[in-house]
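A short write-up of the structure that comes next.
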Amino acid sequence: MKKIMIAFVGLLMLNSCAELQQVVNQLPNGGLGDADIAAGLRQALDFGIDKQVKKLTLKDGFYGNSLVKILLPEELQKVDKALRDIGLGSLADDGIKLLNRAAEDAVKEATPIFINAVKDITFADAKNILLGSNNAATSYLQGKTNTALYDKFQPVIQNSFAKVGADRIWTQMIDNYNKIPFVSKVNPNLTDYVTTEALKGVYTMISVEEQKIRTKVGSRTTDLLKKVFALQD
């Protein structure tokens, strides 16, 4: 009996997958074509940049936001602890803060990069993305743009390191740590690390706005957003 039930449930699951795709294909568009749905998804991502990513450019935009705060990579946590153990806790605090300051400054400089990325993106299957998870459009954007944005964003991060003084502080930190007897010397690539973490932060904040638009009707503040996201309700 148990085996029969398992087989029955499995059959139901296979049927439901096919039926779900059928539902997606037959979903009434309310007069909206795929191009309109794609335009609505782009507008939601634009709102994510305008309303959420801009917050990252303010002082403590990264440092004061637990969703995106840049912490030390695992390899440098021993540096942080060792400096605190020898009375250099304030230097360690400055190092962490300035990693986040560099990200805040860089996002301010690079916001046009993200705007252009959204403008240029083509949604291969807009309807399925609309009916996907609460961050499906953001995930699609990330998958399509992350590599190209990394290449454009990295030099901005490098410049921001010098601008906020992070390069000087981290040179001090690493020099002080490497002078401690018997420690394994470190020479981390912080530009690569902060670039990756800053990009994660940008996509995270775009996702925050997408989720609001998907789940709260009051966040759909344009006719296009109202029409498009009504299809997923």
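Numbered per mature numbering (1 follows the signal peptide of the UniProt record, and there is no 0), the sequence shown spans residues -18 to -1, 1 to 215.
All residues carry an ideal CB built from backbone N, CA and C; glycine is no exception.
Coarse secondary structure for residue i, derived from DSSP in three states
i	result
valine 6	Any reading at valine 6 must be qualified, since the residue scores a pLDDT of 41, below 50, and its modelled position is unreliable; the value itself is stated next. Helix at valine 6.
valine 199	helix
glutamine 59	helix
leucine 172	helix
aspartate 67	helix
glycine 13	coil
methionine 210	According to the sequence as given, residue 210 is valine; it is not methionine. Looking at valine 210 - three-state DSSP - the assignment turns out to be helix.
lysine -17	Residue confidence is low: lysine -17 scores 34 on pLDDT, short of 50, so the model does not pin down where it sits. No coordinate-derived value is stated.
asparagine 47	coil
valine 190	helix
aspartate 205	helix
threonine 39	coil
valine 184	helix
isoleucine 151	helix
aspartate 32	helix
Under 7 Å between C-beta atoms of residue i and residue j
i	j	result
isoleucine 19	leucine 112	yes
serine 48	alanine 84	no
isoleucine 139	threonine 173	yes
valine 146	valine 35	no
glutamine 25	leucine 206	yes
serine 189	threonine 120	yes
alanine 148	leucine 38	no
Nearest candidate by alpha-carbon position, reference residue i, set the options
i	options	result
isoleucine 95	Met187, Leu181, Gly77 and Ala118	Leu181
aspartate 32	Glu57, Thr93 and Leu65	Thr93
lysine 194	Lys101, Asn116 and Ser166	Asn116
lysine 60	Gln214, Lys167 and Leu206	Lys167
aspartate 42	Lys63, Thr104, Phe29 and Glu86	Glu86
alanine 88	Lys198, Asp16, Gln136 and Lys63	Gln136
threonine 204	Gly13, Gly15 and Asp28	Asp28
asparagine 158	Ala119, Ala64 and Arg196	Ala64
aspartate 102	Glu179, Tyr122, Asn171 and Lys79	Tyr122
aspartate 67	Lys209, Gln154 and Ile162	Ile162
Enclosing alpha helix (DSSP H) for residue i [first to last residue]
i	result
valine 138	118 to 146
glycine 22	16 to 29
leucine 81	71 to 102
leucine 112	108 to 112
Cβ neighbour criterion (16 or more within 10 Å) applied to residue i
i	result
glycine 71	exposed
alanine 150	Reading off the sequence, residue 150 comes out as arginine, not alanine. With fewer than 16 other Cβ atoms within 10 Å, it is exposed.
leucine 40	exposed
glycine 22	buried
asparagine 82	buried
proline 52	In the sequence as displayed, the identity of residue 52 is isoleucine instead of proline. Label assigned to isoleucine 52: buried.
glycine 125	exposed
threonine 197	exposed
lysine 109	buried
Any non-hydrogen atom of the ligand ATP within 6 Å of residue i CB
i	result
isoleucine 103	Because no ligand of any kind appears in the structure shown, any question about the ligand ATP cannot be addressed here.
Residue-chain proximity (residue i, chain D), Cβ-Cβ < 7 Å
i	result
threonine 197	The chain labelled as chain D is not found in the depicted structure, where only one protein chain is given.
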